[in-house]
Amino acid sequence: MPDLSLFFWLFFGTSGRLGRGVFALACAFSYLARFFAVYQVVRYSTETEPSTGWTTVLLITLLVSLWANVALSIKRLHDLGLPGLWAIPTVVFDILAIIVLALLPGNTGPNRYGERTNQPR
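Its first residue numbered 1139, the sequence shown is counted upward by one per residue in this note's numbering.
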């Protein structure tokens, strides 16, 4: 069985650094989860019972993916040598912040947030 600790660190942990590629892919995965839940709510919007279930799934997915995007942004900011508090505006400027963070190159060497990218501190 695969070790899920790196998966949980990637989406929910706030320590360490994250490179541009992994950040972009993880954010894309988070958005795919959101879009799937929205699609199911729209698909079953004419029926009452399944729509209610999918609406609950949508709300849970939105909350989990919101935290995941904040955690991903914190680790990406750490790779840039910036404090995680700068991730607070990413909640409001979600897509724009993801694009900017995915395009900015990170520190090539070690910094105070970790020795290398894509691993916990």
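C-beta atoms are modelled at their ideal positions from N, C-alpha and C, and glycine is treated no differently.
No experiment lies behind these values; they were computed from the predicted model shown.
From the listed residues L1215, F1167, P1221, L1223, the smallest Cα separation to L1200 is found for F1167. If you draw a straight line from the Cα of V1180 to the Cα of I1212, it is about 32 Å long. As DSSP reads the structure, Q1257 sits in a beta bridge with R1155.
Annotated three-state conformation of N1207 is helix, per DSSP. The beta carbon of T1152 is closer than 8 Å to those of A1209, I1212, K1213, G1222 in its chain, skipping five residues each way along the sequence. Checking the DSSP bridge columns, you'll see G1247 has no partner listed.
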